[in-house]
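Chemist: Could you have a look at this structure, given as structure tokens, before my questions?
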Amino acid sequence: MSKIVYFSRKYENLINGKVVELAKGNTEVLADKISSSIACEQLKLQAVTSYPKSYTKMLEIAENEKRDQLRPLFYGLEESLIGEQILFLGFPNWCGGLPKIVVHFLENYNTKGKIIFPFCTHEGSAFGNSLFELKTLCPHAKIMTGLAIRGSRVYKADEAVKNWLVQYNKLEE
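Now the structure itself:
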């Protein structure tokens, strides 16, 4: 069994060097594409305290979380993941790595023996350090090749998603 867990933020985001209002976060758009390709349930990782709508304020919070190693609280997902062998894990690249809410989730979710397919959205830095962080946080999981898509190109990512999912489809054969 497989599930998609993702963290995404709509509202103001940086797209092609400009702050743009998004009705749906880029990572959520990518999670939707993956879900529709493999008919897999999605679970959204949601912060107990919402992030601000302002990009500038959100960036300040993300930088503070990274600097101070904060762990934002999130609504529990663990019961929904019982028995799942394969986890698709989606997130935006924040400050060069995993958002701390994703770190907190991984610290609370037993990934031993799991297969993790990471995917992220970014605006030029791809995964940054997030794959290294993921391997450190999940030492007993198998981390598959990830998919990094520019947020500005997420709506045009169908072919990239299809090509990336070849590795998953081989597991399912």
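So for the sequence shown, my numbering puts the first residue at -3; every next one is plus one. From the three backbone atoms N, C-alpha and C, an ideal C-beta is built for every residue, glycine too.
Decide if the stretch 151 to 169 is in contact with the stretch 121 to 133; the criterion is three or more beta carbon pairs, one per stretch, under 8 Å apart.
Modeler: These segments do not touch.
Chemist: Please classify Asn60 as buried or exposed, where buried requires at least 16 other C-beta atoms within 10 Å of its C-beta.
Modeler: The residue labelled residue 60 in the question sits at position 64 within the sequence shown. Label assigned to Asn60: exposed.
Chemist: Mark Gly96 as exposed unless 16 or more other C-beta atoms lie within 10 angstroms of its C-beta, in which case mark it buried.
Modeler: As a working note, residue 96 is residue 100 in the sequence shown. Residue identity check: residue 96 is Lys in the sequence provided, not Gly. When all chains shown are included, Lys96 counts as buried.
Chemist: Using beta-carbon positions only, say whether Gly11 and Gly147 come within less than 8 Å of one another.
Modeler: Counting from one through the sequence shown, the residue named residue 11 turns up at place 15. Counting from one through the sequence shown, the residue named residue 147 turns up at place 151. In the sequence under discussion, the amino acid at residue 11 is Ile, which differs from the Gly named in the question. It is a contact, given that the beta carbons lie within the stated cut-off.
Chemist: Taking the DSSP output, what are the residues bridged to Val99?
Modeler: Walking along the sequence shown from the start, residue 99 turns up at place 103. Note: Val99 sits in no beta bridge, so no partner.
Chemist: By the DSSP assignment, the alpha helix (DSSP H) with Arg63 in it spans what residues?
Modeler: Within the sequence shown, residue 63 is the residue found at index 67, counting from 1. Segment 51 to 64, the alpha helix (DSSP H) holding Arg63.
Chemist: Quick check for students: name the residue ranges of the beta strand (DSSP E) that lie wholly in the stretch 94 to 153, counting only runs of 3 or more.
Modeler: Here the runs fully enclosed are 111 to 118, 143 to 146.
Chemist: Asn106: which of Gly93, Lys138, Val162, Ala35 sits nearest, CA to CA?
Modeler: Here residue 106 corresponds to residue number 110 of the sequence shown, with the count starting at 1. The candidate whose alpha carbon is nearest that of Asn106 is Lys138.
Chemist: Between the Cα of Thr23 and those of Val15, Gly13, Lys40, Lys14, spot the shortest distance and give me the residue it belongs to.
Modeler: In the sequence shown, counting from the first residue as 1, residue 23 sits at position 27. Comparing Cα-Cα distances from Thr23 to each of Val15, Gly13, Lys40, Lys14, the minimum goes to Lys40.
Chemist: Determine the DSSP secondary structure at Glu75, reduced to helix, strand or coil.
Modeler: Stepping through the sequence shown from its first residue, residue 75 is reached at position 79. Reduced to three states, the DSSP call for Glu75 is helix.
Chemist: Within its chain, find whatever has a CB closer than 7 Å to the CB of Tyr51; leave out the 5 residues flanking it on each side and keep chain order.
Modeler: Translated into the one-based positions of the sequence shown, residue 51 becomes position 55. Only Glu8, Asn9, Leu10, Val15 meet the Cβ criterion.
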